[in-house]
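Be aware that the sequence shown starts at 817, since it is given in the numbering used here, and climbs by one per residue.
Even for Gly, the Cβ is constructed at its ideal location relative to N, Cα and C.
Structure first, then comments.
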Amino acid sequence: MIRISSSPNAYRRGAMNRIAYAAEATGSGAIGDIDMNGQALPKALTLVPASDDATTPEADIEASPPSEAGLDDLGDWLQVLRRIVEHSDNMVVITDRDQRIRWVNSTYGAVTGWSLKEVQGRRASEFLHGPLTSTRVTARLKSDLSAGRAISGIELINYRKDGQAYTVLLNIEPIRDAAGEVAAYFSIQTDISERKVLEQANLRLQHHLEVAQQLAQLGRIEYDHQLGRSRWSSEVFRIADRPISNEPLDFDTLVALCPQGTRVSVRQKLDESLRTGEEFDEELPLISAQGNLRWVRCRGIPEFNGQGYRMPSTWMVQDVSVYYELIDERRRTNDKLNHMVQERTEQLEEANRALTDFSHALSHDLKKPIRHMVSYAEILQLHLDAGELEQARAYCDRVRTAGARLHNLVEAMLKFSRLGRQAIAHAPVALAPLISGVVEDARASWPQRDIRVTGLGELPTVDGDAVLLQEVWANLVDNAIKYSSQCDTVDIGFGHAHDAEGTEVWIQDHGKGFDPSQLELMWQMFGRACDDPAITGDGIGLALVKQIVDSHGGRLSAQSAPGQGARFGVWLPRAS
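Structure representation (structure tokens):
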């Protein structure tokens, strides 16, 4: 039997607006007085189970004395209270001060599978807890209940009789006796397993949404018009290079990241959108918290509230910086291509000018020996007709000389034209034997000249095309001999120097030299720095030398002064 007495200390507000009442186990089975709001009522109650297995207590109400007013009302109230507790969707549990179960409602048995008879006198931890039950939470429950503190809104994983886990929401109130001591505990428990499943599903859905938005670089700005609060999604924080927080940030906060001039334009377009109700869809430049330039596409549809349009409840914010980077990259590529086209156009124009110059020079230089040959042939004919054989022989030699000059000129021009189409066959080239052979050929061509050479044995090995490099040094040696025509002896010196990237080899003569102001002219086709008729030449040799050296990735240098000889240097890069 249970002795019930309700007192000011025991009449307390509990979780979920329940009524807590004091319950005290007695050994006599008698039901004592009920005291509501501090006034004793002459009323005795007997709480009798309907059967031994019943989980529903039945209340028999006996009046003493029966003539007391309000007796029937109190009985009705207790019947209503019993029905509320018994038919509640929540589990109701009453335990003693040692937290041993004294009574549970039918919902408890339906949820846990345990009947009142099976659990009466046992603690919940003895049969409800399992592997997933949090020891931290149970320790807190034990501590709070031992101290007589109420428990509100605590979630705990328990186990049904069949071993299936479920999540329960606990609200426990201590029930105190007239002396203020804890006499029992009144607990309302709610099975929230389905809600937790929905919450987990919602969290998974939210996670998938966040991942999808992150992959799409798509964020949201949400505005609650009722609460007047807004929030950024995590992706908007990432775009702005700001740490994620619960700070109520809105669309204006995002616009504030735009450059000053852009802000004015954005607000004008937003005002127009709010006036007409048309969708706002703009791409904006932002300066993030880290100083990075970002481009974002912002979209929102104003909402009509019955009187006019107000700010969208949801803004879609997408990072389109990659798109703008691609546009910039395309622009840079186009600029580069345009620059290359411009360079190629200029080179083509230069080639056309060179071809024109070549044609003019060709017509001029080829005409001269041909004209001489024609003139000499006409004079030769006159001498032959007159029987003047000696004079005829002299003009025959002149015709032969003019023909040889024409042949050499054509060969030089063919070499020059073929060079532009010839691939470079790179290989180690020992310059000492190569230039020694060139010098020997020169001595055979100039047998009347005394040619002396120094420094040949010290020349290094370089990387290049042996055939083309032989042409370079043949022209430079020939040039040194021709410009030393006023000297009894042709003195030619060779030397070299290395640097970090290549080797320079030079040739030094002591001939007539040239005016440094004519240097650029010397490298041009048919260009000559000397107008002395005693020094023969067609103006092709040095142009050929320059083209060969350029094709090797090298460079030419020349130093001279009139009457002081000349020094030509050929620098070639190291083998890659």
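*Quick one: is Y1139 buried, meaning 16 or more other Cβ sit within 10 Å of its Cβ, or exposed?*
In the sequence shown, residue 1139 corresponds to position 323, counting from 1. Exposed, because fewer than 16 other Cβ atoms sit within 10 Å of the Cβ of Y1139.
_Given A999 as reference, the closest of S968, N987, S962 once Cα atoms are compared_ = Counting from one through the sequence shown, the residue named residue 999 turns up at place 183. Answer by Cα proximity: S962.
*Exposed or buried, what is I988 when buried is set at 16 or more other beta-carbons lying within 10 Å of its beta-carbon?*
Residue numbering aside, residue 988 sits at position 172 when the sequence shown is read from its first letter. I988 should be labelled buried.
_Taking the beta carbon of R992 as the centre, do at least 16 other beta carbons fall within 10 Å, making it buried, or is it exposed?_
Residue mapping note: residue 992 aligns to position 176 of the sequence shown, counting from 1. Buried.
_Spatial neighbours of I1055 in its chain, beta-carbon cut-off 8 Å, leaving aside the 5 residues before and after_ = Taking the first residue of the sequence shown as 1, we reach residue 1055 at position 239. Contacts found: Q1033, G1035, L1102, S1104, R1110, V1112, V1133, D1135.
*Excluding five sequence neighbours on each side, which residues of the same chain lie with their C-beta closer than 6 Å to the C-beta of E1320?*
In the sequence shown, the residue the question calls residue 1320 occupies position 504. Closer than 6 Å at Cβ, skipping near neighbours: A1313, G1385, W1387.
*Spatially closest choice to C1303 from Q1380, R1169, N1150, by CA coordinates*: To locate residue 1303, count along the sequence shown from 1; it is residue 487. Selected option, being the one with the closest Cα: Q1380.
*May I have the straight-line CA-CA distance separating Q1158 from G1280, to the nearest angstrom?*
Taking the first residue of the sequence shown as position 1, residue 1158 is located at position 342. Taking the first residue of the sequence shown as position 1, residue 1280 is located at position 464. One C-alpha to the other measures close to 31 Å.
_Reduced DSSP secondary structure (H/G/I, E/B, other) of N921_ = Along the sequence shown, one-based indexing puts residue 921 at 105. N921: coil per DSSP, three-state reduction.
*Measure the alpha-carbon distance for I973 versus E1015 and round it to whole angstroms.*
Walking along the sequence shown from the start, residue 973 turns up at place 157. Walking along the sequence shown from the start, residue 1015 turns up at place 199. Their Cα atoms are separated by approximately 15 Å.
_If you reduce the DSSP assignment to three classes, tell me which class H1314 lands in._
Looking up residue 1314 in the sequence shown gives position 498. Correct three-state label for H1314: strand.
*With DSSP as the reference, label C1303 as helix, strand or coil.*
To locate residue 1303, count along the sequence shown from 1; it is residue 487. Three-state result, C1303: coil.
*asked:* Is the separation between the beta-carbon of D1066 and that of S1049 shorter than 7 Å?
replied: The residue given as residue 1066 occupies position 250 in the sequence shown. The residue given as residue 1049 occupies position 233 in the sequence shown. The answer is no: Cβ separation not under 7 Å.
*Using only alpha-carbon positions, find the residue among D1294, L1284, G1311 that is nearest to D1274.*
Stepping through the sequence shown from its first residue, residue 1274 is reached at position 458. Per the sequence presented here, residue 1274 reads as Glu, with Asp not at that position. Taking only the C-alpha atoms, the option nearest E1274 is G1311.
*asked:* Just list the residues that DSSP pairs Q776 with in beta bridges.
replied: Here the chain covers residues 817 to 1392 and nothing more, so residue 776 does not appear.
_Span separating the alpha-carbon of Q1106 from that of S1137_ = Here residue 1106 corresponds to residue number 290 of the sequence shown, with the count starting at 1. Here residue 1137 corresponds to residue number 321 of the sequence shown, with the count starting at 1. Approximately 15 Å, taken between the alpha carbons.
*Going straight from the alpha carbon of D1068 to that of F1053, what length do you get?*
As a working note, residue 1068 is residue 252 in the sequence shown. As a working note, residue 1053 is residue 237 in the sequence shown. D1068 and F1053 have their C-alpha atoms some 14 Å from each other.
*If you draw a straight line from the C-alpha of D960 to the C-alpha of E1038, how long is it?*
As a first step, residue 960 is located in the sequence shown; it is residue number 144 there, counting from the start. As a first step, residue 1038 is located in the sequence shown; it is residue number 222 there, counting from the start. D960 and E1038 have their alpha carbons spaced roughly 40 Å apart.
_Proximity winner among S922, Q915, T923, R956, relative to E942 (alpha-carbon distances)_ = Here the question's residue 942 lines up with position 126 in the sequence shown. If we check each option's Cα against that of E942, Q915 comes out closest.
*Under a Cβ-count criterion, where at least 16 other Cβ atoms within 10 Å of its own Cβ denotes burial, should L1372 be classed as buried or exposed?*
As a position in the sequence shown, residue 1372 is number 556, starting the count at 1. Label assigned to L1372: buried.
*Using the C-alpha atoms, what's the distance from T1161 back to T1149?*
Reading the sequence shown from its first residue, position 333 is the one you call residue 1149. Reading the sequence shown from its first residue, position 345 is the one you call residue 1161. For T1149 and T1161, the distance between alpha carbons rounds to 18 Å.
*With a 10 Å radius around its C-beta and 16 neighbouring C-beta atoms as the bar for buried, classify D1007 as buried or exposed.*
Residue 1007 sits at position 191 when you count from the first residue of the sequence shown. Under the 10 Å beta carbon count, D1007 is surrounded by 16 or more other beta carbons and is classified as buried.
*Nearest to S1394 by CA position, among W1289, A1296, V901, L1164, is which residue?*
In this structure the chain extends from 817 to 1392, so residue 1394 is not present and cannot be described.
*asked:* My output table needs one value for S1191: the three-state DSSP class, helix, strand or coil.
replied: Along the sequence shown, one-based indexing puts residue 1191 at 375. Here S1191 sits in helix by DSSP.
*Opposite L1109 in the DSSP bridges: which residues?*
Counting from 1 along the sequence shown, the entry for residue 1109 is found at position 293. I1103, per the DSSP bridge assignment.
*Do you know how far the Cα of S1129 is from the Cα of E971?*
Within the sequence shown, residue 971 is the residue found at index 155, counting from 1. Within the sequence shown, residue 1129 is the residue found at index 313, counting from 1. Approximately 34 Å between the Cα atoms of the pair.
_6 Å CB neighbourhood of H1199 in its chain, flanking five on each side removed_ = Indexing the sequence shown from 1 puts residue 1199 at position 383. Answer for H1199: Q1207, A1208, listed in chain order.
_Checking the sheet assignment: what are the DSSP bridge partners for M1132?_
Position 316 of the sequence shown, counted from the start, is the residue given in the question as residue 1132. Answer is R1036, R1115.
*asked:* I need the straight-line Cα distance from E1094 to Q1084, nearest angstrom please.
replied: Here residue 1094 is taken as the residue at index 278 of the sequence shown, counted from 1. Here residue 1084 is taken as the residue at index 268 of the sequence shown, counted from 1. Roughly 13 Å separates the two Cα atoms.
*A1056, DSSP secondary structure in three states*: Your numbering for residue 1056 matches position 240 in the sequence shown. Three-state result, A1056: coil.
*asked:* Counting C-beta neighbours from all protein chains within 10 Å, is the total for F1120 16 or more, i.e. buried, or is it exposed?
replied: If you number the sequence shown from 1, residue 1120 lands on position 304. Exposed, because fewer than 16 other Cβ atoms sit within 10 Å of the Cβ of F1120.
*Straight-line gap, P1249 to P1332 (C-alpha atoms, nearest Å)*: Locating residue 1249 in the sequence shown gives position 433, where the first residue counts as 1. Locating residue 1332 in the sequence shown gives position 516, where the first residue counts as 1. Straight-line Cα distance between these residues: approximately 31 Å.
_Exposed unless 16 or more other CB atoms sit within 10 angstroms - verdict on S883_ = By one-based count along the sequence shown, residue 883 stands at place 67. Unreliable placement is indicated for S883, whose pLDDT of 39 sits below 50; no coordinate value is reported for it.
*Please check the pair I917 and Q936, which I expect to be a contact at CB under 8 Å, by giving their CB distance rounded to whole angstroms.*
For the purposes of this step, residue 917 is taken as the residue at position 101 of the sequence shown. For the purposes of this step, residue 936 is taken as the residue at position 120 of the sequence shown. About 6 Å separates the beta carbons of I917 and Q936, which is inside the 8 Å limit, making them a contact pair.
*For R1268, I'd like the list of residues in its chain whose CB is within less than 8 Å of its CB, leaving aside the five on either flank, ordered along the chain.*
Counted from its first residue, the sequence shown places residue 1268 at position 452. Excluding positions up to five away in sequence, the list reads T1305, V1306, D1307, I1308.
*asked:* Tell me which residue opens and which closes the beta strand (DSSP E) that N1062 is part of.
replied: The residue given as residue 1062 occupies position 246 in the sequence shown. Neither: N1062 is in no beta strand (DSSP E) and is coded neither H nor E.
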